[in-house]
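Undergrad: Can you keep this structure in mind? I'll have questions shortly.
Residue numbers (full-length UniProt numbering): 1 to 522.
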């Protein structure tokens, strides 16, 4: 490193020049460095740099050791997390440091603007930065051009490294190699080889969330119940948010699969990550690890998530949101105007009861309705009678359910996901070849996008078909196994089997999720 002549602004000015020279205070010199994130290397690197800079500063009789500021392995592109760096800048502003020494421009900052910003801030405070590797002193005017060039090169190196990391991740994704952070991932931990394994205690919490959601509870009520029971989140917090419940219910990793690259980095400098809406490739790995939730339960939850978004849209365009307050909520429909019925506590001449009434008779919907008000006990009896009617004529309803299965299968798409995948693989190879030969590939790209959309739709349709068939089979099993008629109302049967209850003037229609409709006099 070259010799440096400095005239610090903080030195006292006396009347006697010789006295000033004798009493001139030492420069308070600090060092900044970044050390490895590896725990073993970190200690060695930190100790080595402390020893180097301590010796280097203390052997200069005009300098006073002002400390070492070391950030462990944090990227120079992310100044928000460089706590020691920011601490050093604060100490400079407070007048505790007269000069900073650092290894190189790339260690100080890889962002050109960021590097120059801090250098100029320190320069305004008459605090030079010495870069050992480049032999640069920021107080030297001719060195600013060199700093700008070298900082820019460091930034390009960082950008290149970021791109290499992205390409490495893409390759790993293509090979089906998945690294999942388990620290905040409720239900899983990792074994000695870094593979995801189930945490039995946490897995029960995940199962509880899925079970309660399918039982009709809202995300708010699920969260409240977890908090009430003192159950901690995956991050160890006591507060459960509905957004956390929502993510757990939608996370495919709980069925053992992994969708890779859900988000991606848009700016290598500030590490901004955004949701991937198809701009970069995604990869779906099946059977990556042991599942906590069976796939059929997961698909039921996804279907229920869709159903609850908008339970019903009125004729005037008003959307009715989901309510879990009662098993009949949102499924009792008016046969006259098509609106839903609302639950009311009724007081008729001193006689209290619970009734259900069409919303068109309770608020302005733009529809004139004369539907009857129906007692909740009548609704309960209608459900019991409908199920007993089905149990009393098992053979007819079994035959109807078999026809329903055949209808569902006929309605399903003939195109399989496997066929689409084969076509996609062929087109992707053609696309790469044309791109390498610099030929036009717009038509192939359009066809790839079309097939991707078709694949997504086919997957959803297949899942819905399988779920519908499962429900029909479940009802068949229930009919076959039930030896006696129901004697009392059971709320769980409504949540499990009933899709809709339509109120007419002289009867009630109970529609089951399996596609069977039963009319009951009521």
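The beta carbon of each residue, even a glycine, is placed where N, CA and C say it ideally should be.
So residue 213 and residue 205 are in contact, right, with Cβ under 8 Å, and what is the actual spacing, rounded?
TA: Contact between residue 213 and residue 205 is ruled out by a C-beta separation of about 13 Å, above the 8 Å threshold.
Undergrad: If I follow the unbroken alpha helix (DSSP H) through residue 87, where does it start and stop?
TA: 83-93
Undergrad: Looking only at its chain, what residues have a beta carbon closer than 6 Å to the beta carbon of residue 373, apart from the 5 residues adjacent to it on each side?
TA: 355, 357
Undergrad: Thinking C-alpha only, which one of 188, 505, 482 is nearest residue 290?
TA: Nearest to residue 290 by alpha-carbon distance, out of 188, 505, 482, is 188.
Undergrad: Run through DSSP, which three-state label would residue 71 get?
TA: strand
Undergrad: Taking the beta strand (DSSP E) that residue 139 belongs to, which residues open and close that run?
TA: Residue 139: not part of any beta strand (DSSP E); DSSP gives it neither H nor E.
Undergrad: Between the C-alpha atoms of residue 295 and residue 351, what's the straight-line distance to the nearest angstrom?
TA: It is roughly 49 Å from the alpha-carbon of residue 295 to the alpha-carbon of residue 351.
Undergrad: In angstroms with no decimal places, state the Cα-to-Cα distance between residue 133 and residue 56.
TA: 14 Å
Undergrad: If you draw a straight line from the alpha carbon of residue 370 to that of residue 332, how long is it in whole angstroms?
TA: Rounded to the nearest angstrom, the two C-alpha atoms are 16 Å apart.
Undergrad: Report the three-state DSSP secondary structure of residue 32 (helix, strand or coil).
TA: strand
Undergrad: Let's test the definition: count the other Cβ atoms within 10 Å of the Cβ of residue 425 and tell me whether it reaches 16, buried, or not, exposed.
TA: Taking all protein chains shown into account, residue 425 has fewer than 16 neighbouring C-beta atoms within 10 Å of its C-beta and is therefore exposed.
Undergrad: Please determine, among 236, 240, 229, the residue with the shortest C-alpha to C-alpha distance to residue 220.
TA: 240
Undergrad: Within its chain, find whatever has a CB closer than 7 Å to the CB of residue 497; leave out the 5 residues flanking it on each side and keep chain order.
TA: 475, 512, 513
Undergrad: What are the boundary residues of the alpha helix (DSSP H) that includes residue 129?
TA: No alpha helix (DSSP H) contains residue 129, which is instead part of the beta strand (DSSP E) from 129-131.
Undergrad: Comparing alpha-carbon positions, which option in 128, 421, 380, 448 lies nearest residue 489?
TA: 380
Undergrad: Determine, using beta carbons only, whether residue 130 and residue 92 come nearer to each other than 7 Å.
TA: no
Undergrad: Rounded to whole angstroms, what is the Cα-Cα separation between residue 343 and residue 445?
TA: If you draw a straight line from the Cα of residue 343 to the Cα of residue 445, it comes to about 53 Å.
Undergrad: Does the beta-carbon of residue 243 have 16 or more other beta-carbons within 10 angstroms, so that it is buried, or is it exposed?
TA: exposed
Undergrad: Could you check whether residue 107 and residue 34 sit closer than 7 Å to each other, using their CB atoms as the reference points?
TA: Cβ distance < 7 Å, so residue 34 and residue 107 count as in contact.
Undergrad: Could you pull out every residue in the same chain whose Cβ sits closer than 7 Å to the Cβ of residue 103, ignoring the five residues on either side in sequence?
TA: 33, 132, 133
Undergrad: What did DSSP end up calling residue 396 once you bin it into helix, strand or coil?
TA: Here residue 396 carries a helix assignment [DSSP, helix/strand/coil].
Undergrad: Quick check on DSSP: helix, strand or coil for residue 63?
TA: strand
Undergrad: Taking the alpha-carbon positions, what's the residue 58 to residue 201 distance?
TA: Their Cα atoms are separated by approximately 56 Å.
Undergrad: When burial is assigned at 16 or more other CB atoms within 10 Å of the CB, is residue 306 buried or exposed?
TA: exposed
Undergrad: Once you ignore the five residues that flank residue 420 on each side, which residues in its own chain have a CB closer than 7 Å to its CB?
TA: 451, 454, 455, 458
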